[in-house]
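K.L.:
End of the sequence shown = 266 in my numbering, gap-free, step of one.
Before we start, here is the structure in question, set down as structure tokens.
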Amino acid sequence: MTELPLIGEAVAVAAEPRLAGARIGVVTFPGTLDDRDAARAVRLAGATAVELWHGDTELGDVDAVVIPGGFSYGDYLRAGAIARFAPLMSKIIDAANSDAKLPVLGICNGFQILTESHLLPGSMIKNDHLKFLCRDQVLRVENTNTAWTLDYDAGQEITIPLKNQDGQYIADEKTLDALEAEGRVVFRYVGFNPNGSRRDIAGISNAAGNVVGLMPHPEHAVEPGFGPEAAFSRETGAGGSDTDGLGFFTSVLNKIVGGDK
Numbered sequence: 006m007t008e009l010p011l012i013g014e015a016v017a018v019a020a021e022p023r024l025a026g027a028r029i030g031v032v033t034f035p036g037t038l039d040d041r042d043a044a045r046a047v048r049l050a051g052a053t054a055v056e057l058w059h060g061d062t063e064l065g066d067v068d069a070v071v072i073p074g075g076f077s078y079g080d081y082l083r084a085g086a087i088a089r090f091a092p093l094m095s096k097i098i099d100a101a102n103s104d105a106k107l108p109v110l111g112i113c114n115g116f117q118i119l120t121e122s123h124l125l126p127g128s129m130i131k132n133d134h135l136k137f138l139c140r141d142q143v144l145r146v147e148n149t150n151t152a153w154t155l156d157y158d159a160g161q162e163i164t165i166p167l168k169n170q171d172g173q174y175i176a177d178e179k180t181l182d183a184l185e186a187e188g189r190v191v192f193r194y195v196g197f198n199p200n201g202s203r204r205d206i207a208g209i210s211n212a213a214g215n216v217v218g219l220m221p222h223p224e225h226a227v228e229p230g231f232g233p234e235a236a237f238s239r240e241t242g243a244g245g246s247d248t249d250g251l252g253f254f255t256s257v258l259n260k261i262v263g264g265d266k
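Structure (structure tokens):
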């Protein structure tokens with residue numbers, strides 16, 4: 006029987022020595038819920054997690070940024086609408102659009118913030134069934150050429166926890182057609198569309214591929230024994246792995262050190 010790490014132990018299960026110097030910033034807003042989970046995923050992948058506060062005026066020496074899930078500023082006005090104007094976001098927007106193309110991952114509320122910031126097109130609205138939904142969700146990887154998906158295979162199906170209320174991705178038909186034509190649909194829901202997102206879109210990227218947003222939570226599928234595999238397999242008979250989400254974090258580290266495939 007494989008011995009599992011105790012909860013609270015951040016053991017780098019996929020770490021390589023060459024990745025150890027990478028620094029990944031994790032942003033916290035008032036109402037953020039998953040910043041510690043995201044930081045733990047960064048450490049498990051082998052990098053250093055750097056705490057970033059929404060009121061900071063400098064990004065500091067970070068190689069990439071994760072904007073985690075939650076309910077920034079209580080989701081007042083719209084999900085992510087106030088967070089977009091936080092001092093740190095202006096620095097993230099500038100860095101993502103710079104020649105350096107800082108890698109940025111927005112998860113759930115982070116995805117909403119990226120659309121409100123116009124780093125990604127479209128918008129997020131209430132789920133079509135108007136209820137909060139929490140489940141293990143199968144995704145198909147459509148694009149492996151982004152900074153956050155290099156370690157996956159095209160067409161690979163992964164199981165990632167999902168929990169949202171404002172998870173329905175929408176955009177006009179012209180924008181949707183452009184995303185499809187340019188290969189910027191990064192993830193698609195498989196088997197079940199949990200929120201009514203147009204064309205089953207679960208995640209997208211910007212044109213350069215350094216900015217990715219998705220609704221499900223890869224940081225909750227990074228450790229053997231603490232992910233969706235057992236429960237999901239019992240419920241549906243489908244496959245999946247407890248560590249299907251770890252590839253997001255190892256991908257960006259490999260990108261940073263020049264090891265993209």
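All residues carry an ideal CB built from backbone N, CA and C; glycine is no exception.
Taking 8 Å as the cut-off, does the stretch 110-118 touch the stretch 191-203 (at least 3 CB pairs, one atom from each stretch)?
P.N.:
no
K.L.:
Who are LEU288's beta bridge partners in DSSP?
P.N.:
Only positions 6 to 266 of the chain appear in the structure, and residue 288 is not among them; the question remains open.
K.L.:
Which residues mark the beginning and the end of the beta strand (DSSP E) in which ALA54 is found?
P.N.:
Position 49 of the sequence shown, counted from the first residue, corresponds to residue 54. For ALA54, the uninterrupted beta strand (DSSP E) run begins and ends at 53-58, by DSSP.
K.L.:
Roughly how many angstroms separate the alpha carbons of ALA226 and THR53, rounded to a whole number?
P.N.:
By one-based count along the sequence shown, residue 226 stands at place 221. By one-based count along the sequence shown, residue 53 stands at place 48. Distance between the alpha carbons of ALA226 and THR53 is about 19 Å.
K.L.:
Confirm, please, whether the CB-CB distance from LEU167 to ALA176 is below 9 Å.
P.N.:
The residue labelled residue 176 in the question sits at position 171 within the sequence shown. The residue labelled residue 167 in the question sits at position 162 within the sequence shown. Cβ distance not < 9 Å, so ALA176 and LEU167 don't count as in contact.
K.L.:
Alpha carbon to alpha carbon, how far is MET129 from GLY218?
P.N.:
Looking up residue 129 in the sequence shown gives position 124. Looking up residue 218 in the sequence shown gives position 213. MET129 and GLY218 have their C-alpha atoms roughly 11 Å apart.
K.L.:
Would you list the residues sitting across from THR62 in a DSSP beta bridge?
P.N.:
For the purposes of this step, residue 62 is taken as the residue at position 57 of the sequence shown. DSSP, once it has assigned bridges, lists no residue as partnering THR62.
K.L.:
Using the Cβ count rule (16 or more neighbours within 10 Å means buried), how would you classify GLY179?
P.N.:
Within the sequence shown, numbered from 1, the residue matching residue 179 stands at position 174. Reading off the sequence, residue 179 comes out as Lys, not Gly. Looking at its Cβ environment, which holds fewer than 16 other Cβ atoms inside 10 Å, LYS179 is exposed.
K.L.:
For ALA91, count the other beta carbons within 10 Å of its own beta carbon; 16 or more makes it buried, fewer makes it exposed. Which is it?
P.N.:
What you label residue 91 is simply residue 86 of the sequence shown in a count that begins at 1. Label assigned to ALA91: buried.
K.L.:
Looking at C-alpha atoms only, which residue of ALA88, ALA212 and SER246 is the closest neighbour of PHE231?
P.N.:
As a position in the sequence shown, residue 231 is number 226, starting the count at 1. When each option's Cα is compared against that of PHE231, the closest is SER246.
K.L.:
Quick check: what's the CA-CA separation for ARG189 versus ASN148?
P.N.:
Translated into the one-based positions of the sequence shown, residue 189 becomes position 184. Translated into the one-based positions of the sequence shown, residue 148 becomes position 143. Spanning the two alpha carbons is a distance of roughly 7 Å.
K.L.:
What span of residues does the beta strand (DSSP E) with PHE34 cover, start to end?
P.N.:
Here the question's residue 34 lines up with position 29 in the sequence shown. Run containing PHE34: none; DSSP gives neither H nor E here.
K.L.:
So ALA186 is in the alpha helix (DSSP H); what residue range does that whole segment cover?
P.N.:
Position 181 of the sequence shown, counted from the start, is the residue given in the question as residue 186. First-last of the alpha helix (DSSP H) with ALA186: 178-186.
K.L.:
What number of angstroms, rounded off, separates the C-alpha of THR255 from the C-alpha of ARG41?
P.N.:
Counting from 1 along the sequence shown, the entry for residue 255 is found at position 250. Counting from 1 along the sequence shown, the entry for residue 41 is found at position 36. Roughly 17 Å between the two C-alpha positions.
K.L.:
Grouping DSSP H, G and I as helix and E and B as strand, with all else coil, what is ASP141?
P.N.:
On the sequence shown, position 136 is the one that residue 141 refers to. Strand at ASP141.
K.L.:
DSSP on TYR174, reduced to helix/strand/coil?
P.N.:
As a working note, residue 174 is residue 169 in the sequence shown. Strand.
K.L.:
Measure from the alpha carbon of TYR174 to the alpha carbon of each residue in ASP158, TYR194, GLU187 and THR62, then state which is nearest.
P.N.:
Here residue 174 refers to the residue found at position 169 when the sequence shown is read from its first residue. It is TYR194 whose Cα lies nearest to the Cα of TYR174.
K.L.:
What is the C-beta distance between GLY172 and ASN215, in whole angstroms, given that I count them as a contact (C-beta under 8 Å)?
P.N.:
Against the sequence shown, residue 172 aligns to sequence position 167. Against the sequence shown, residue 215 aligns to sequence position 210. Your pair GLY172 and ASN215 does not check out as a contact, with CB atoms roughly 23 Å apart and the cut at 8 Å.
K.L.:
Could you check what DSSP says for PHE116 in three-state terms: helix, strand or coil?
P.N.:
By 1-based counting over the sequence shown, the position of residue 116 is 111. Here PHE116 sits in helix by DSSP.
K.L.:
So for THR164, helix, strand or coil by DSSP?
P.N.:
Counted from its first residue, the sequence shown places residue 164 at position 159. Of the three classes helix, strand and coil, the one that applies to THR164 here is strand, per DSSP.
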